[in-house]
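Count the sequence shown with my numbering and you get residues 764 to 1166, in order. Think of the CB as a built atom: it goes at the ideal place given N, C-alpha and C, for glycine as much as any other residue.
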Amino acid sequence: MDLSGKQLLLGLTGGIACYKSAELTRLLTQAGATVQITMTEAATKFITPVTMQALSGRPVYISQFDARIDNNMPHIDLSRCKDAIVIAPASADFIAKLATGLCDDLLSMLSVARDCPLLVVPAMNCQMWQNPATQRNVAQLRADDIIVLGPDTGLQACGEIGNGRMLEPKAVYEAIIALFQPKKLVGQRILITAGATFEPIDPVRGITNRSSGKMGFALARAAAQAGARVHLIAGLVGLATPWSVTRENVQTAQQMYDAVMAAIAGIDIFIGVAAVTDWRVAQVSDHKLKKAAGQPPPPLHFVENPDILASVAALPTPPYCVGFAAESGELGINGEAKRRRKNVPLLIGNLGPKTFGKDGNEVILFDEAGSTPLPRADKQSLARTLVDEIAQRVLGNFLYKLG
Ligand code: CTP
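Right under this line is the structure:
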């Protein structure tokens, strides 16, 4: 589990977004973390300590004078031996307190008394967020090495639309996991393609394949957690964008090629995970093809799509290129042959039809040193291992020369 053994303190301040912290608590505890909840008085108006106690499985603390703590110093007792303190939601008032070091309740006291990283997840009305005083305070938090997550933009509980919504619980959860991952790819800019492309036949029909995009998205998440700046170019993928990753959606192979070429300048590592449709229909009909009694089915003529990975690898100064190959058999032979054909330093092969849409995967790495099978693992754990493997090769000044 991603947060096994981690000791977290989750602080709630007054705001309607407190309901999101209930879900956040579930995600954190399910990932193996011990979550100690502390609330301000105002937070208890929005969600009850009973709810938070039930979800965290521990007593909730609100006051700095609490006889349940042996030495009656909860601000010290609760802030020690923590791996991180997370304030979610963090109100404008609480952010102002943190910026000035005010300690007038338990949560602000223990935040100032902490000896661990502090993450703040703002949630407030968009005008409150834009207010110069709030912006000054947030800048001060960043200057003090406090990690500020969000806020999000969108419809707010007050009915106004703007910046100030608390990040969704899953995004906060992912950011917390990222905090604990080794930062092996800091400073690296990574471009990843993922998912299936789609080639239209007519306005309602087309050709695609069974790739879900899970492996590409898991890699994007793992790379971002390792400190890289990651941009995803996704085909037909119904998955949420991983935290801190930027994303662009495309449909056809040609669109994916164009998007990759437009984004490639300055990229250090290119990972082609997309299942790109090899051919497209030569003449896409502009109207729906109709059946006619006694007529044969319409013939389809294909032309080949550009090979995105091989084109990136053939650039004058290519980034470090990683390919994925889903084979239906003979992986050992086909994988190395494909790596050489595409002229890439690393190709990750799997038996695609067995893994499409599944959470687990089993791969073999092909590089100039030979082939290395990796043990079967769920796609997210495997993605972390692959990020390690890529980081070792890229940062170990791996000089690639084929033949
Ligand atoms: N790829 C690509 N552009 C294409 C086809 C494939 O960028 N038009 C990339 C994939 O993203 C993947 C790698 O090339 O990283 C291997 O994809 P695969 O479909 O296995 O290779 P193909 O060249 O299409 O070979 P095959 O004939 O086996 O389908």
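Measuring alpha carbon to alpha carbon, tell me which residue in K1121, P812, P1138 and L1110 is nearest L1128.
Position 365 of the sequence shown holds residue 1128. Shortest Cα-Cα distance from L1128 to any of K1121, P812, P1138 and L1110 involves L1110.
Given that a residue counts as buried once 16 or more other Cβ atoms are within 10 Å of its Cβ, and exposed if not, what is R831?
Taking the first residue of the sequence shown as position 1, residue 831 is located at position 68. Exposed is the call here.
Selection from Q1017, F1087 and A1038 that minimises the alpha carbon distance to N1068:
Numbered from 1 along the sequence shown, position 305 holds the residue referred to as residue 1068. Here the closest residue by C-alpha is Q1017.
Kindly indicate which residue of L1078, A957 and V1036 has the alpha-carbon position closest to the one of G1001.
Here residue 1001 is taken as the residue at index 238 of the sequence shown, counted from 1. Of the listed residues, the one whose Cα sits closest to G1001 is A957.
Counting Cβ pairs closer than 8 Å, one from the segment 978-991 and one from the segment 1136-1150, do we hit at least three?
With the cut-off at 8 Å, the segment 978-991 and the segment 1136-1150 touch.
Can you find the residues in the same chain that come closer than 6 Å, C-beta to C-beta, to K783, ignoring five residues on each side of it along the sequence?
The count along the sequence shown starts at 1 and reaches residue 783 at position 20. M929 and P932, listed in sequence order.
Return yes when the Cβ of A855 is within less than 9 Å of the Cβ of I779, no when it is not.
Stepping through the sequence shown from its first residue, residue 779 is reached at position 16. Stepping through the sequence shown from its first residue, residue 855 is reached at position 92. No.
So, with DSSP's three-state summary, where would you put T788?
Along the sequence shown, one-based indexing puts residue 788 at 25. Assigned with DSSP and collapsed to three states, T788 falls in helix.
What are the boundary residues of the beta strand (DSSP E) that R952 is part of?
Mapped onto the sequence shown, residue 952 falls at position 189. R952 to A957 is the span of the beta strand (DSSP E), which, as asked, contains R952.
Shorter than 8 Å, the distance from the beta carbon of N1097 to the closest heavy atom of the ligand MN, or not?
The ligand content of the structure shown is limited to the ligand CTP, which means the ligand MN is not among them.
Nearest to L1052 by CA position, among L773, P1061 and P914, is which residue?
Position 289 of the sequence shown holds residue 1052. Across the set L773, P1061 and P914, the C-alpha of P1061 shows the shortest separation from the C-alpha of L1052.
Who are P885's beta bridge partners in DSSP?
Locating residue 885 in the sequence shown gives position 122, where the first residue counts as 1. BP columns for P885 point to A853.
Go ahead and label T897 buried or exposed: buried means 16 or more other beta carbons lie within 10 angstroms of its beta carbon, across all protein chains shown.
In the sequence shown, the residue the question calls residue 897 occupies position 134. Buried: at least 16 other Cβ atoms inside 10 Å.
Distance cut-off 8 Å: L881 Cβ against heavy atoms of the ligand CTP:
What you label residue 881 is simply residue 118 of the sequence shown in a count that begins at 1. Not under cutoff, so the answer is no.
Whole-angstrom C-beta distance between I924 and G917, which should lie under 8 Å:
The residue you call residue 917 lines up with position 154 of the sequence shown. The residue you call residue 924 lines up with position 161 of the sequence shown. The C-beta distance from G917 to I924 rounds to 7 Å, short enough to meet the 8 Å contact threshold.
At a cut-off of 8 Å, would you count N834 as near the ligand CTP, judging by its Cβ distance to the nearest heavy atom?
One-based indexing of the sequence shown puts residue 834 at position 71. No, Cβ of N834 sits at least 8 Å from all heavy atoms of the ligand CTP.
I1030: which of A986, E1090, D1151 and I953 sits nearest, CA to CA?
For the purposes of this step, residue 1030 is taken as residue 267 along the sequence shown, with counting starting at 1. Per the C-alpha coordinates, the member of A986, E1090, D1151 and I953 positioned closest to I1030 is I953.
I1071 beta carbon near the ligand CTP (any heavy atom closer than 8 Å):
Residue numbering aside, residue 1071 sits at position 308 when the sequence shown is read from its first letter. Flag set: Cβ of I1071 near the ligand CTP.
Per DSSP, cross-strand counterpart(s) of E962
Here residue 962 is taken as the residue at index 199 of the sequence shown, counted from 1. Per DSSP, the beta-bridge partners of E962 are I970.
Contiguous alpha helix (DSSP H) assignments of at least 4 residues, all confined to the segment 993-1049
Secondary structure within the segment 993-1049: the alpha helix (DSSP H) runs of 4 or more consecutive residues, fully enclosed, are 1016-1026 (chain order).
Could you pull out every residue in the same chain whose Cβ sits closer than 7 Å to the Cβ of L1072, ignoring the five residues on either side in sequence?
Translated into the one-based positions of the sequence shown, residue 1072 becomes position 309. The residues G1035, C1084, G1086, K1105 and V1107, in chain order, have a CB closer than 7 Å to that of L1072 in the same chain once the five nearest residues on each side in sequence are set aside.
Please check the pair M891 and G927, which I expect to be a contact at CB under 8 Å, by giving their CB distance rounded to whole angstroms.
As a working note, residue 891 is residue 128 in the sequence shown. As a working note, residue 927 is residue 164 in the sequence shown. Correct: roughly 7 Å between the Cβ atoms.
Candidates P963, E962 and A934, of which the one nearest R984 by Cα
Residue numbering aside, residue 984 sits at position 221 when the sequence shown is read from its first letter. Residue A934 is the option with its Cα nearest to R984.
Own chain partners of A859 with C-beta closer than 6 Å, once the 5 adjacent residues on each side are dropped:
If you number the sequence shown from 1, residue 859 lands on position 96. Here the set comprises N900.
Compare the Cα-Cα distances from D908 to each of C889, P880, N1012 and N888 and report the closest residue.
As a first step, residue 908 is located in the sequence shown; it is residue number 145 there, counting from the start. Selected option, being the one with the closest Cα: P880.
Relative to the ligand CTP, is the shortest distance from any of its heavy atoms to the C-beta of V1036 smaller than 8 Å?
One-based indexing of the sequence shown puts residue 1036 at position 273. Remark: the shortest separation between the CB of V1036 and any heavy atom of the ligand CTP falls under 8 Å.
Nearest residue (CA-CA) to D965, options S1048, N1012, L818 and G820
If you number the sequence shown from 1, residue 965 lands on position 202. Of S1048, N1012, L818 and G820, the residue nearest in Cα terms is S1048.
Is the separation between the beta-carbon of V849 and that of V883 shorter than 9 Å?
Numbered from 1 along the sequence shown, position 86 holds the residue referred to as residue 849. Numbered from 1 along the sequence shown, position 120 holds the residue referred to as residue 883. Cβ distance < 9 Å, so V849 and V883 count as in contact.
Under the criterion of a Cβ to heavy atom distance below 8 Å, does N1106 qualify as lining the ligand CTP?
Sequence index remark: in the sequence shown, residue 1106 carries index 343 (1-based). Result no, Cβ not under 8 Å from the ligand CTP.
Could you tell me the alpha carbon to alpha carbon distance between Q816 and M802, rounded to whole angstroms?
Position 53 of the sequence shown, counted from the first residue, corresponds to residue 816. Position 39 of the sequence shown, counted from the first residue, corresponds to residue 802. Taken atom to atom, the span from the alpha-carbon of Q816 to that of M802 is near 11 Å.
When the Cα of A1150 is compared with those of T797, P945, G795 and A986, which residue comes out closest?
What you label residue 1150 is simply residue 387 of the sequence shown in a count that begins at 1. First, the amino acid is wrong: residue 1150 is Val here, not Ala. Comparing alpha carbon positions, the residue from T797, P945, G795 and A986 closest to V1150 is A986.
Using a threshold of 8 Å, is the CB atom of D1041 nearer than that to any non-hydrogen atom of the ligand CTP?
Numbered from its first residue, the sequence shown carries residue 1041 at position 278. Yes.
Is E1090 near the ligand CTP, with its Cβ less than 8 Å from a heavy atom?
Locating residue 1090 in the sequence shown gives position 327, where the first residue counts as 1. E1090: yes, Cβ under 8 Å from the ligand CTP.
Are the Cβ atoms of T792 and G820 separated by less than 9 Å?
The residue labelled residue 792 in the question sits at position 29 within the sequence shown. The residue labelled residue 820 in the question sits at position 57 within the sequence shown. The Cβ-Cβ distance between T792 and G820 falls below 9 Å.
Using CA atoms only, rank isn't needed, just tell me which of L861, D1130, P1081 and P1082 is closest to K1101.
Here residue 1101 corresponds to residue number 338 of the sequence shown, with the count starting at 1. Closest by C-alpha distance to K1101, out of L861, D1130, P1081 and P1082, is D1130.
One question on the structure: do S974 and V993 come within less than 9 Å of each other, judged by their Cβ atoms?
On the sequence shown, position 211 is the one that residue 974 refers to. On the sequence shown, position 230 is the one that residue 993 refers to. No, they are not a contact pair.
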